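*Asks:* There's a structure below that I have some questions on.
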Amino acid sequence: MDSIIDEQSPSMLNRDKRLLEICNQLSIGFHVTIDDIEILRFDQGRVSEIYRIVFKNGKQPIVNDGSNQIPIQQLVIKLFRPDPPYNPYESKLNSLITGFERLGPRIYLTGDDYIVMEYIDAKAFSRQNDMDEKFVQLLASRLARFHSLQVPITKNSYKDRYRYVFEGWADEKFWQKIYDESSIGMNALRKNKCHTIIDYNVRMECKFLRAQIESIDPVIVFCHQDLNHSNIFIINDKQQMDIKFIDFDYSGYNLRGMDIGRYFADCEKFEQYSDEGIIGDEKMLRFIHYYLDENCHIYGQNYRHDPRNSSNTLLREGKLFVLFAQMIDILFCLWETITEPKHRDEYCIWAESRYKEYRQFKARIANENIFQ
């Protein structure tokens, strides 16, 4: 939910000035003052700040919507923080191409430290949508289209993603802070009775999971790589229902199971970091069926004849990447446990819940020839 920026601190005044400068670069001859815009904050995260700008007093910039020059009443500005943990150039390029293909918001303007994009009046994908056939079909087809995009960024660095997670993020110092007897993490785990994490070493599980992922015969596509429900927007206007994706900071080439597994891991959940269980094979195969149908529309019916594109192969990949999605959540919550004192207990409990679900799902698929 966005909120009006009304603070008068020097940092906020500087931020308002920066946003105003960007607005005045939108079109030739267009000029607004601070009184002509309303600034609402969408998100102020670790890696970026996102603002909604509403134009007032009859001021409307003229932008290109892909086919026409049109006036707009509002837009979104994303400001990159210094030294983000991703490549801002690739993030902007990803955003431009997905917007051009109408799989994401239209991009109106970019600069060294910002993107100006279309404001989309939409709702995030929800648990109710997960249980509605028409939304599942639409999401699967849009994801297939997204995976078919040709983006001019490196295509052979997909292993860097796992290297970053298992070596860079969860490095030796990280594990010491979790499992050393007198560490911050271990004290929090004991306090909150996180027996699953204490008794079943997460670090060893990471080694197992990485080996399993690297054993896959890779089908590399352009992946979102952060496909949680809040990054899937449903647009339901009077003419046609549609789905668009947002937030392409981490998008890049990877195994297609990365996105499919994340969707399965979060599907029909009340809360993201819960142990509510993973959907059954029937629902996974329903999504895969629609995903394959759309790929056949894109590439032709021979797509389905490749053994790597069979329903069973995609089901195996999806299940393996369910575990990876769960592990990402576990590691994130453990990281927050040792770095965020105010929310330490909360994240510690979430990590325990997610690890319980991870182990339950791993046991469920243990006899399905998923693991090498």
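Using my numbering, the first residue of the sequence shown is number 39, and each one after it goes up by one. Ideal Cβ placement from N, Cα and C applies to all residues, glycine included. Treat the numbers as computed from the prediction; the structure is a model and nothing was measured.
(1) Quick one, which of 308, 148 and 359 has its alpha-carbon nearest residue 244's?
(2) With a cut-off of 8 Å, do at least 3 Cβ pairs link the segment 255 to 266 to the segment 178 to 191?
(3) Can you tell me whether DSSP reads residue 61 as helix, strand or coil?
(4) Residue 162: buried (16+ other C-beta within 10 angstroms of its C-beta) or exposed?
(5) What does DSSP give as the partner residues of residue 348 in its beta bridges?
(6) Whose C-alpha, out of 105, 384 and 124, is nearest the C-alpha of residue 138?
(7) Looking at the structure shown, is residue 288 part of a helix, part of a strand, or coil, going by DSSP?
(8) How big is the Cα-Cα spacing for residue 374 and residue 385?
(9) Buried or exposed, going by whether 16 or more other CB atoms sit within 10 Å of the CB of residue 313?
(10) So does residue 60 have its beta carbon nearer than 6 Å to some heavy atom of the ligand HEM?
(11) How many angstroms separate the CA atom of residue 151 from the CA atom of residue 127?
(12) Please report the Cβ distance between residue 355 and residue 293, rounded to the nearest whole angstrom; I am assuming they are in contact, meaning their Cβ atoms lie under 8 Å.
(13) Indicate the three-state DSSP secondary structure (helix, strand or coil) for residue 80 in the structure shown.
(14) Answer with buried or exposed for residue 55, where buried requires no fewer than 16 other C-beta atoms within 10 angstroms of its C-beta.
(15) If you count every other CB in all the chains shown that lies within 10 Å of the CB of residue 201, and 16 or more means buried, which is it?
(16) Residues in the same chain with beta-carbon distance under 7 Å from residue 97, minus the five sequence neighbours each way, listed in chain order, please.
(17) Just how far apart, CA to CA, sit residue 18 and residue 316?
(18) From which residue to which residue does the alpha helix (DSSP H) around residue 152 run?
(19) By the DSSP assignment, the beta strand (DSSP E) with residue 89 in it spans what residues?
(20) Which residue's Cα is closest to the Cα of residue 321: 357, 225, 130 and 379?
(21) So residue 214 is in the alpha helix (DSSP H); what residue range does that whole segment cover?
(22) Please state the DSSP three-state secondary structure of residue 126.
(23) Classify residue 404 as helix, strand or coil using the three-state DSSP reduction.
(24) What does a CB cutoff of less than 6 Å around residue 92 pick up in its chain, not counting 5 residues either side in sequence?
(25) Considering only their Cβ atoms, is the gap separating residue 324 from residue 334 smaller than 7 Å?
*Replies:* Looking at the coordinates:
(1) 359
(2) yes
(3) helix
(4) exposed
(5) DSSP lists no partner for residue 348.
(6) 105
(7) coil
(8) 6 Å
(9) buried
(10) As far as ligands go, the structure on display features none, and thus does not contain the ligand HEM.
(11) 9 Å
(12) 7 Å
(13) strand
(14) exposed
(15) exposed
(16) 70 and 74
(17) Lying before the first or after the last residue shown, residue 18 is absent from the chain, which here runs from 39 to 410.
(18) Where residue 152 is concerned, there is no enclosing alpha helix (DSSP H), although the beta strand (DSSP E) it sits in stretches over 152 to 156.
(19) 86 to 93
(20) 357
(21) 210 to 217
(22) helix
(23) coil
(24) 76 and 112
(25) no
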